[in-house]
Amino acid sequence: MSQSGEQSKYSVSKRGFYGNFGGAYIPEMLYPNVKELEDNYLRIIYSESFQKEYKDLLKNYVGRPSPLYHAKRLSEKYGTKIYLKREDLNHTGAHKINNTIGQILLAKELGKKRIIAETGAGQHGVATATVCALMNLECVVYMGAIDILRQEPNVKRMLMLGAKVVAAESGSKTLKDATNEAIRDWINNPVDTHYIIGSVVGPHPYPDLVARLQSIISEEMMEQMQEKEGRNYPDAIIACVGGGSNAAGAFYHYLDNLKVELIAVEAAGKGVNTGETAATTTVGTPGIIHASKTILMQTEDGQIVEPYSISAGLDYPGIGPIHAHLFESGRGTFASVTDDEAVAAGFELTRLEGIIPALESAHAIAYLKKRTFKKDQVVVINLSGRGDKDLATYIKYFDNNESLR
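First residue of the sequence shown? That's 147 in the working numbering, and the numbers climb one at a time after it.
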């Protein structure tokens, strides 16, 4: 995890903003928690002792570096050179562990004894429960009641790891509501508790903290591209975006390299015009959610519109402020993919490369059908997680769709 990118016009300002987005719109009772984090996070994460332990755990516990795999059959089908950044091969099955390893070390340095987290697809919850077991800290994970039902394997993993899983029963009973409950907990337990936010969302400094911890993805990508292609950058990077931590990590070291197109793929759900979607940049407007100014889905009077996606990890009504800035500035290319397109892409990758992707990652794969790349271009798709947790959904589609058999 290097400190490069700090002078970028796309990185966070001292006030916690990315362009017009970001900040810390927090209740007074949360101010001490957030201020403590803001005053200490950079000093701690770039200290020699933190870096030594963090890198050791990433290598020997998580299994990094994750491979940059040349997907030959996928490349042949789409007429361009496609690499997959294999975050699905990390311990716990996704990129989320990069962040939780870093934040648990930060929490210990700050003297915290209790950890809380929110989760949608359950990957962040599992990653948080994993590091809490590793470090012997109490762990409480908030998860939407609907997500608990559709991500049962991950719920069982969290319980096995010793975490307490609390159902969020309000609103849409998904990721947004789990985040609300976690923030309430933090307000009520300000002294001994650290909140491990799982994405580049929430009040400053969380979006910057999470992006820095996930930047290991693009840091490795630069070295791997140099080794495989003789240059340290691809022509395009494709990543799915809900809150957007895997995309922030994949984009981080390329923010100022305008030779690299940064492509963020959101969940269109059943279609951007159906009212059942999570395509924030298509249907959203600027506003405040979870203590940060960003682009979100809301009514004219500022009430949050409930999102929908087949993918629990993308079922969020906003995006991280860094992505809102990339969208508004034009630095990022934003697109959306429907449920059906994502599931079809998941089956396609499975049949062509023998890799079952998470439904979140399948949204990024599906973008290949929406765009023609040149034969001599190099495209990296960040494969953010593996599809074990989504097998029930895949099987349902398989059983009901003869074309997939």
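Ideal Cβ positions, reconstructed from N, Cα and C, are used throughout, including at glycine.
These numbers come from a predicted model, not from an experiment.
Pull up the DSSP beta-bridge partners for residue i, would you.
i, result
"Asp-306", "Strictly speaking, residue 306 in this sequence is Met, with Asp absent from that position. In DSSP, Met-306 forms no bridge with anything."
"Cys-386", "Val-411"
"Val-483", "Ala-413"
"Tyr-400", "Answer is none; Tyr-400 lacks a bridge partner."
"Thr-339", "Arg-260"
"Gly-168", "Phe-163 and Lys-439"
"Arg-532", "Pro-503"
"Val-347", "In the DSSP output, where bridge partners are listed per residue, Val-347 has none listed."
"Ile-465", "In DSSP, Ile-465 forms no bridge with anything."
"Tyr-215", "Leu-230"
Determine the burial state of residue i: buried for a count of at least 16 other Cβ atoms within 10 Å of its Cβ, exposed for fewer.
i, result
"Thr-265", "buried"
"Tyr-215", "buried"
"Ser-482", "buried"
"Gly-500", "exposed"
"Pro-432", "exposed"
"Tyr-341", "buried"
"Pro-178", "exposed"
"Ile-250", "buried"
"Ser-159", "exposed"
"Gly-168", "buried"
"Arg-161", "exposed"
"Met-306", "exposed"
"Ser-154", "exposed"
"Asp-323", "buried"
On a Cα-Cα basis, can you pick out the residue from the options that is closest to residue i?
i, options, result
"Arg-303", "Ala-273, Ile-292, Val-347 and Lys-322", "Ala-273"
"Asn-335", "Glu-315, Ala-217, Ser-364 and Lys-258", "Lys-258"
"Asn-403", "Ile-261, Lys-160, Asn-378 and Pro-178", "Asn-378"
"Gly-448", "Gly-464, Gln-523, Thr-238 and Phe-163", "Gly-464"
"His-436", "Met-281, Thr-238, Gly-533 and Val-180", "Val-180"
"Ala-491", "Asn-547, Ile-511, Phe-519 and Glu-412", "Ile-511"
"Ile-468", "Arg-477, Val-337 and Asp-534", "Arg-477"
"Thr-226", "Arg-517, Phe-544 and Asn-547", "Arg-517"
"Leu-204", "Val-451, Met-371 and Ile-363", "Ile-363"
"Ile-172", "Tyr-200, Pro-211, Tyr-352 and Lys-515", "Tyr-352"
"Glu-594", "Gln-523, Lys-416 and Leu-505", "What the structure shows of the chain is the stretch from 147 to 551, and residue 594 is not part of that stretch, so it cannot be assessed."
"Arg-358", "Tyr-224, Pro-503 and Ala-396", "Ala-396"
"Val-526", "Glu-199, Leu-230 and Leu-498", "Leu-230"
"Gly-415", "Gly-388, Ile-434 and Ala-394", "Gly-388"
"Thr-423", "Ile-502, Glu-452 and Thr-445", "Glu-452"
"Gly-262", "Lys-223, Asp-338, Asp-545 and Lys-439", "Going by the sequence as given, residue 262 is Ile instead of Gly. Here the closest residue by C-alpha is Asp-338."
"Ser-438", "Ile-343, Gly-466 and Leu-355", "Gly-466"
"Asn-206", "Ile-247, Glu-373 and Gly-317", "Ile-247"
"Pro-349", "Leu-283, Tyr-224, Gly-417 and Leu-183", "Leu-183"
"Val-347", "Asp-545, Leu-176, Tyr-462 and Lys-223", "Tyr-462"
"Leu-460", "Asp-486, Val-418, Ala-425 and Thr-479", "Ala-425"
"Leu-498", "Glu-199, Gly-239 and Lys-223", "Lys-223"
"Phe-519", "Gly-390, Gln-372, Ile-541 and Glu-407", "Glu-407"
"Tyr-454", "His-471, Glu-446, Thr-420 and Thr-479", "Thr-420"
"Gly-533", "Glu-199, Ala-267 and Asp-545", "Ala-267"
"Asn-546", "Ser-507, His-509 and Val-489", "Val-489"
Would you verify that the beta carbon of residue i is, or is not, closer than 9 Å to some beta carbon of chain B?
i, result
"Gly-478", "Given the protein chain composition of this structure (a single chain), no chain B is represented."
Tell me which same chain residues have a C-beta within less than 8 Å of the C-beta of residue i, skipping the five on either side of it?
i, result
"Lys-405", "Tyr-379 and Asp-381"
"Arg-296", "Ala-458, Ala-538 and Thr-539"
"Gly-151", "Caution is warranted here: a pLDDT of 42 is assigned to Gly-151, below 50, making its placement in the model unreliable, and the coordinate value is therefore given only provisionally. Same-chain partners within the cutoff: Ser-157, Ser-361, Tyr-398, His-399, Leu-401 and Asp-402."
"Ile-243", "Val-208, Asn-236, His-237, Ala-273, Thr-276 and Val-277"
"Gly-417", "Thr-423 and Thr-484"
Can you give me the Cβ contacts of residue i inside the same chain, cut-off strictly under 6 Å, excluding the 5 residues immediately before and after it?
i, result
"Phe-493", "Leu-550"
"Ile-294", "Val-301 and Ala-313"
"Ala-309", "Ala-275, Cys-285 and Val-287"
"Val-392", "Per the sequence shown, the amino acid found at residue 392 is Asn instead of Val. Excluding residues within five positions, the ones whose Cβ falls inside 6 Å are His-241, Ala-385, Asn-528 and Ser-530."
"Gly-430", "Ile-441, Leu-442 and Met-443"
"Pro-211", "Glu-366"
"Arg-232", "Ser-212, Pro-213, Tyr-215 and Leu-529"
"Pro-299", "Lys-535"
"Ile-228", "Ala-217, Leu-220, Ser-221 and Val-525"
"Glu-327", "Tyr-288 and Ala-314"
"Met-281", "Ile-250"
"Arg-260", "Glu-284, Asp-338 and Thr-339"
"Ile-343", "Tyr-352"
"Leu-495", "Ile-501, Pro-503 and Ile-511"
Could you pull out every residue in the same chain whose Cβ sits closer than 7 Å to the Cβ of residue i, ignoring the five residues on either side in sequence?
i, result
"Ile-190", "Phe-196, Leu-252 and Glu-255"
"Lys-319", "Gly-290, Ala-291 and Ile-292"
"Ser-475", "Gly-165"
"Tyr-132", "Beyond the ends of the chain as shown, which are 147 and 551, falls residue 132; an answer cannot be given."
"Thr-325", "Glu-264 and His-436"
"His-434", "The question names His, but residue 434 is Ile in the sequence shown. These residues qualify, in order along the chain: Tyr-171."
"Leu-521", "Looking at the sequence provided, one finds Lys at residue 521 rather than Leu. Same-chain partners within the cutoff: Gly-225 and Thr-226."
"Thr-445", "Val-451"
"Phe-163", "Gly-169"
_Runs of alpha helix (DSSP H) lying entirely within the segment 247-326, each at least 4 residues, in chain order_ = 269-281, 291-296 and 298-306
_Contained beta strand (DSSP E) runs [length at least 3] in the segment 219-245, N- to C-terminal order_ = 227-232
*What runs of the alpha helix (DSSP H), each 4 residues or longer, lie entirely inside the segment 422-447?*
426-429
_Length at least 4, wholly inside the segment 170-205: the alpha helix (DSSP H) runs in chain order_ = 177-191 and 194-203
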